[in-house]
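Taking full-length UniProt numbering, the leading residue of the sequence shown gets 1, the next gets one more, and so forth.
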Amino acid sequence: MNKDNYQRIRPRKMSDEIVGQVKTLIKTGRLQPGEQLPPERAFAELLGVGRPTLREALNHLEALGIVEIRKRQGVFVKNIGSSLVSDPLCRVFQEDRGMLPYLYEMRKDIEIAASRLAAQRRTDEDLAAILAPIKNMENDLKTGAFSISDDIDFHMAVARATRNFLRVHIMQHLFDISNEFLERVHTRLGRGYEELSVVVDHHRLIFEAIRDRDVPGSGGAMENHLAWVERQWLRVIDEDRRQSG
């Protein structure tokens, strides 16, 4: 027997337990990208640890790139999807609109699969989260306003219903790096009642398929919606080219 193969078991530090708990909450989707952790005093009391122990754990989480500590604001869950797509690559998409169709192609792959998984895994709580932004957008139709946040909230709610935390983080990052262009597309969509109605109707069809656990139907509804949105993207890209030319 080679005794060198074995090491003494050491009790886990309390700060390591906290790190493990936060990681688990992120992996299970109970902590979302951008979500704020409780204030230090309340968090320490909640966990039953001293504040120095909590600070040690939070510093470790920040070093791992899992959270961001913002002075006078608090501690926030980082979008780990940003670490999967390099900064230089993000700049390429932001600076060259001609590359955006490639980004959208990837988004379609992720979201169509997400809608199918959501139909299989969704809970009543997920359905409420998916439906809420649809109702907001229906109200927007009456006022002529169109909130990009409600549109993104709908798609992110579908992603969260998959119970796949990596999918959620990657989706959030795709929205983050294309945010400026999304604003332009939504401004264009906001010009007409008919176009807004199409978006709301598409979202409603996706919701109903997910609600009914219709896996093929949910994937098809999302595919049809994203194909329509892609045409709007391409029109805006074409407008930009003509204006710059």
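All C-beta atoms in this analysis are idealised placements derived from N, C-alpha and C, irrespective of residue type, glycine included. For clarity, every value in this text was computed on a predicted model and none was experimentally measured.
- Using a Cβ distance threshold of 8 Å, leucine 61 and valine 19 count as a contacting pair.
- Within the same chain, Leu31 come within 7 Å of leucine 25 by CB-CB distance, once the 5 residues on both sides are set aside.
- Within the segment 52-84, the complete beta strand (DSSP E) runs of at least 3 residues fall at 67-70, 74-77.
- For glutamine 32, the three-state secondary structure derived from DSSP is coil.
- Closest in C-alpha terms to glutamate 230, from the list Pro52, Val199, Leu205, Val215, comes Val199.
- A direct Cα-to-Cα measurement between aspartate 214 and alanine 119 gives close to 6 Å.
- Residue Val77 holds the alpha-carbon nearest to the alpha-carbon of leucine 37 among Val77, Trp228, Ser218.
- Between histidine 202 and arginine 51, the alpha-carbon positions lie close to 49 Å from each other.
- If the five residues before and after glutamate 35 are omitted, its C-beta is found closer than 6 Å to the C-beta atoms of Val77, all from its own chain and listed in chain order.
- Note that the C-beta distance between lysine 135 and isoleucine 66 is not below 8 Å.
- In the DSSP assignment, serine 15 falls within the alpha helix (DSSP H) that extends over 14-27.
- Residue state for leucine 103 is assigned as helix, using DSSP reduced to three classes.
- Of the candidates Leu205, Leu226, Ser218, Val236, the residue whose Cα lies closest to the Cα of tyrosine 104 is Leu226.
- Residue burial is scored here from C-beta neighbours: aspartate 150 has at least 16 other C-beta atoms within 10 angstroms and is therefore classed as buried.
- Annotation note: the segment 178-213 contains the following uninterrupted alpha helix (DSSP H) runs of length 4 or greater, listed N- to C-terminal: 179-189, 193-211.
- By the C-beta criterion, the segment 128-146 is judged not to be in contact with the segment 100-115, since fewer than 3 inter-stretch pairs fall below 8 Å.
- Distance between glutamine 232 and lysine 108, taken at the CA atoms: about 14 Å.
- Taking the CA atoms as reference points, proline 39 sits about 49 Å from glutamine 243.
- Between alanine 157 and isoleucine 177 the beta-carbon gap is near 20 Å, outside 8 Å, which marks them as no contact.
- The DSSP-derived three-state label of proline 38 is coil.
- Boundaries cannot be given for valine 49, as no alpha helix (DSSP H) includes it and DSSP labels it neither H nor E.
- Residue state for serine 147 is assigned as coil, using DSSP reduced to three classes.
- In its chain, beyond the 5 residues on either side, Thr53, Glu56, Ala57, His60 have a beta carbon closer than 7 Å to the beta carbon of serine 15.
- By the Cβ neighbour-count rule, asparagine 164 is buried, with 16 or more other Cβ atoms within 10 Å of its own.
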